[in-house]
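Engineer: According to our numbering, the stretch in the sequence shown is residues 56 to 332, in order. Even for Gly, the Cβ is constructed at its ideal location relative to N, Cα and C. Pasting a structure below so you can have a look.
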Amino acid sequence: MLRAPFLTALLLPVIAPAASAPPPSENPLLAPSPLEYAYPPFDRIRDEHFGAAFEQGMAEQLREVEAMLSAPAAPTFANTLVALERSGETLSRARSVFFNLAGAHGNERTRALERQLAPRLAAHADAIRLDPRLFARVDGLFAVRAQLGLDPESLRLLEKSHADLVRAGARLAEPEKARLRALNAEISSLQTTFTQNVLKEVNGSLVWVDRAEELDGLTAAEVAAAAELARAEGRPGAWALRLLNTSGQPVLASLRNRALRERIHQASLARGSRGGE
């Protein structure tokens with residue numbers, strides 16, 4: 056059973072609020088986007104919106120799941136699997152925007168929030184996945200799945216949800232679940248630190264160019280971007296090429312200067328071996 060102290064710990068506002076956090080009515084992450092295909096309104100989303108959105112999103116999903124688990128009606132596909140799938144809309148919206156934005160255009164504030172969120176989100180997921188009441192409902196439906204008359208998509212959802220809960224530890228005894236919760240929190244924090252260190256290593260592996268003719272083959276926009284990056288790094292008048300975290304560097308297909316291509320290739324191979332974090 057999901058015990059009250061654990062629920063209370065999850066609902067506490069431990070994510071440090073921004074000094075100038077806007078009121079909920081001005082937070083675009085707390086309501087569905089009015090844009091076509093529900094695209095996020097990036098022109099209105101600011102860093103200080105995310106902490107509140109995650110806090111409200113986790114609290115909402117716990118209430119939604121608790122309402123489903125406490126309902127007196129017998130478990131059905133609709134009141135269990137569909138209800139679970141539909142829970143956490145605010146949290147899902149905040150996660151999808153935040154982690155895409157943090158990966159593509161992060162800053163120190165988003166990276167700090169990412170580190171703060173990692174164990175919280177792990178604990179939140181475990182609070183749902185390791186609740187024996189949820190597994191009892193899903194396991195009961197799984198046992199009679201052939202008699203439920205489900206279409207192939209619904210049957211697949213039931214089977215996958217059951218397998219996911221088992222793999223998440225739903226069949227473990229309580230002491231083992233407690234150990235698993237601690238491991239999941241530790242792993243999530245370590246994974247976040249590792250991912251941020253990899254990004255730091257890639258961003259620090261710039262290839263510097265001092266002569267414009269070496270950039271022959273790049274478009275004018277690519278040359279301008281390299282000059283802008285160099286200015287941002289404190290070297291106006293030079294050009295900087297940032298490596299991508301891929302097995303190959305796409306810029307190698309365009310550059311005509313063999314020596315520069317070799318430098319980029321060597322720098323790419325050397326990623327992660329410079330003695331950094």
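(1) Taking buried to mean at least 16 other C-beta atoms within 10 Å of its own C-beta, is residue 177 buried or exposed?
(2) Please state whether the Cβ-Cβ distance between residue 272 and residue 310 is less than 7 Å.
(3) Apart from the five residues on each side of it in sequence, which residues of its chain come closer than 8 Å, Cβ to Cβ, to residue 246?
(4) DSSP puts residue 273 in a beta bridge; with which residues?
(5) Between the Cα of residue 162 and the Cα atoms of 321, 212 and 251, which residue gives the shortest distance?
(6) Could you please give the first and the last residue of the uninterrupted alpha helix (DSSP H) stretch that includes residue 176?
(7) Starting from residue 257 and walking both ways along the alpha helix (DSSP H), at which residues does that stretch end?
(8) Quick check: what's the CA-CA separation for residue 134 versus residue 236?
(9) Is the distance from the Cβ of residue 145 to the Cβ of residue 112 below 7 Å?
(10) If we ignore side chains and look at the alpha-carbon of each, how far apart do residue 232 and residue 104 end up?
(11) May I ask which residues mark the beginning and end of the alpha helix (DSSP H) holding residue 107?
(12) Beta carbon of residue 323, beta carbon of residue 284: below 7 Å?
(13) Using the DSSP secondary-structure output, state which residues sit across from residue 264 in a beta bridge.
(14) Are the beta-carbon atoms of residue 188 and residue 139 separated by less than 7 Å?
(15) To which residues of the same chain is residue 375 closer than 8 Å at the C-beta, ignoring the five residues directly before and after it?
(16) Quick check: residue 224 and residue 196, are their CB atoms within less than 7 Å of each other?
(17) Give me the Cα-Cα distance between residue 295 and residue 154, rounded to the nearest whole angstrom.
(18) In three-state terms, what does DSSP make of residue 333?
(19) At the level of alpha carbons, what is the spacing between residue 303 and residue 94?
Structural biologist: From the atom records:
(1) Taking the first residue of the sequence shown as position 1, residue 177 is located at position 122. Around the beta carbon of residue 177, 16 or more other beta carbons lie within 10 angstroms, which makes this residue buried.
(2) Within the sequence shown, numbered from 1, the residue matching residue 272 stands at position 217. Within the sequence shown, numbered from 1, the residue matching residue 310 stands at position 255. Contact: yes.
(3) Reading the sequence shown from its first residue, position 191 is the one you call residue 246. Hits under 8 Å: 173.
(4) What you label residue 273 is simply residue 218 of the sequence shown in a count that begins at 1. The secondary-structure analysis by DSSP pairs residue 273 across a beta bridge with 271.
(5) As a first step, residue 162 must be located in the sequence shown, where it is residue number 107. With distances taken between Cα atoms, residue 162 lies closest to 251.
(6) In the sequence shown, counting from the first residue as 1, residue 176 sits at position 121. Where residue 176 is concerned, the enclosing alpha helix (DSSP H) stretches over 163-184.
(7) Against the sequence shown, residue 257 aligns to sequence position 202. For residue 257, the uninterrupted alpha helix (DSSP H) segment begins and ends at 229-259.
(8) The residue labelled residue 134 in the question sits at position 79 within the sequence shown. The residue labelled residue 236 in the question sits at position 181 within the sequence shown. If you take the alpha carbons of residue 134 and residue 236, they lie about 27 Å apart.
(9) Taking the first residue of the sequence shown as 1, we reach residue 145 at position 90. Taking the first residue of the sequence shown as 1, we reach residue 112 at position 57. Yes. Within cutoff.
(10) Sequence index remark: in the sequence shown, residue 232 carries index 177 (1-based). Sequence index remark: in the sequence shown, residue 104 carries index 49 (1-based). Near 33 Å, if we compare the C-alpha coordinates of residue 104 and residue 232.
(11) Residue numbering aside, residue 107 sits at position 52 when the sequence shown is read from its first letter. Counted as a single uninterrupted DSSP element, the alpha helix (DSSP H) harbouring residue 107 occupies residues 103-125.
(12) Position 268 of the sequence shown, counting from 1, holds the residue named residue 323. Position 229 of the sequence shown, counting from 1, holds the residue named residue 284. Taking the C-beta atoms as reference points, residue 284 is found no nearer than 7 Å to residue 323.
(13) Here the question's residue 264 lines up with position 209 in the sequence shown. Per DSSP, the beta-bridge partners of residue 264 are 294.
(14) Against the sequence shown, residue 188 aligns to sequence position 133. Against the sequence shown, residue 139 aligns to sequence position 84. Contact: no.
(15) The requested residue 375 does not occur in the structure, where the chain is confined to residues 56 to 332.
(16) By one-based count along the sequence shown, residue 224 stands at place 169. By one-based count along the sequence shown, residue 196 stands at place 141. Taking 7 Å as the cut-off, the beta carbon of residue 224 is found no closer than this to the beta carbon of residue 196.
(17) As a first step, residue 295 is located in the sequence shown; it is residue number 240 there, counting from the start. As a first step, residue 154 is located in the sequence shown; it is residue number 99 there, counting from the start. Per the coordinates, the alpha-carbon of residue 295 lies some 26 Å from the alpha-carbon of residue 154.
(18) Given a span of 56 to 332 for the chain in the structure shown, any question on residue 333 remains unanswerable.
(19) Translated into positions along the sequence shown, residue 303 becomes position 248. Translated into positions along the sequence shown, residue 94 becomes position 39. Approximately 31 Å, taken between the alpha carbons.
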